């Protein structure tokens with residue numbers, strides 16, 4: 038009963054480094070999304086995907102790339118990390134009843 | 003465009019007191035409304051949702067919310083707070099697009115609930 042699994046749980050990067058946040062779900066959901074959570078701002082949508090091979094931008098896409106080669110996986114890439122990307126990142130998948138299931142989050146610090 | 007406003011970033015109540023967390027939404031189409039809860043260092047989990055039908059929705063852990071279209075509100079209540087209710091609560095809105103599926107889920111800024119003895 039894994040649900041949505043995110044790795045790593047914590048990460049520290051230096052400015053300019055790149056990394057990929059991993060997200061996998063085992064519920065066969067078509068819709069997946071990435072959010073960032075910052076104090077006082079709720080969750081803001083970065084990118085989302087309505088199925089394998091299809092992705093689109095959310096509210097705050099700049100500095101992030103995504104791809105969706107399989108239904109299960111939806112990785113988020115930071116090509117050149119900036120201090121403004123220090124945040125907590127959540128991956129979610131959505132079922133046909135419009136219920137979103139969230140991973141436990143990745144806490145990222147960019148120095 | 004859809005949006006959500008949560009009134010009060012912090013709410014503090016005594017154990018056993020009424021909990022009231024306020025949420026107002028803006029939507030040009032019939033909304034689907036949700037409350038999610040986030041416990042420290044965890045992801046979000048669904049408390050309850052409103053889609054269509056009965057406007058009073060019951061969720062987990064004794065919480066309920068009432069959809070009031072005339073007031074564009076979806077306030078969350080619990081008659082008697084428990085220490086374990088201390089968490090951050092998020093209101094969210096989306097909509098059904100028919101053949102296009104569901105719209106994106108838009109979150110409010112969150113309300114942190116503190117419960118003191």
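Protein chains in written order, with the working numbering: chain P, 38 to 148; chain U, 3 to 119. Backbone N, C-alpha and C define an ideal beta-carbon position, used for all residues, glycine too. If you're wondering where the values come from, they're calculated on a predicted model, not measured in any experiment.
Ranking P:73, P:77, P:124 by CA distance to the CA of residue 84 of chain P puts P:73 first. Minimum Cα-Cα distance from residue 82 of chain U among the listed residues U:8, U:6, U:14, U:44 corresponds to U:14. Runs of the beta strand (DSSP E) lying entirely within the segment 27 to 94 of chain U, each at least 3 residues long, are 33 to 40, 46 to 52, 58 to 60, 66 to 70, 75 to 80 in chain order. Selection U:104, U:105, U:85 evaluated against residue 118 of chain U yields U:85 as nearest (Cα-Cα).
For the C-beta of residue 51 of chain U, the chain P residues within less than 9 Å are, from N- to C-terminus, 134, 135, 136.
Shown here for residue 63 of chain P: same chain residues with a beta carbon closer than 6 Å to its own, the five before and five after excluded, namely 39 in chain order. The segment 6 to 20 of chain U and the segment 103 to 117 of chain U touch, with no fewer than 3 CB-CB distances between them shorter than 8 Å. Residue 88 of chain P and residue 67 of chain P do touch by the CB rule: their CB atoms are close to 5 Å apart, below 8 Å.
Membership of residue 122 of chain P in any beta strand (DSSP E) is not indicated, and neither H nor E is assigned to it by DSSP. Against chain U, a Cβ distance below 7 Å from residue 85 of chain P picks out 106.
The residue from P:90, P:94, P:121 with its alpha-carbon nearest to that of residue 110 of chain P is P:90. Counting the other Cβ atoms within 10 Å of the Cβ of residue 96 of chain U gives 16 or more, which makes it buried.
Contact note: residue 82 of chain P reaches chain U through 106, using a C-beta cutoff of 7 Å and chain order.
Residue 47 of chain P has a beta carbon lying at 8 Å or more from every beta carbon in chain U. Annotation for residue 98 of chain U: no beta strand (DSSP E) segment contains it, and DSSP assigns it neither H nor E. Here the C-alpha atom of residue 148 of chain P lies approximately 9 Å from the C-alpha atom of residue 118 of chain P.
When DSSP reads this structure, residue 12 of chain U sits in a beta bridge with U:114. In this structure, the CA atom of residue 56 of chain U is about 43 Å from the CA atom of residue 121 of chain P.
The segment 12 to 32 of chain U makes no contact with the segment 124 to 138 of chain P, as fewer than three CB pairs between them are under 8 Å. For residue 111 of chain P, no beta strand (DSSP E) encloses it, and the DSSP letter there is neither H nor E.
Judged by beta-carbon spacing, residue 72 of chain U lies beyond the 8 Å limit of residue 26 of chain U, meaning their Cβ atoms are not closer than that value.
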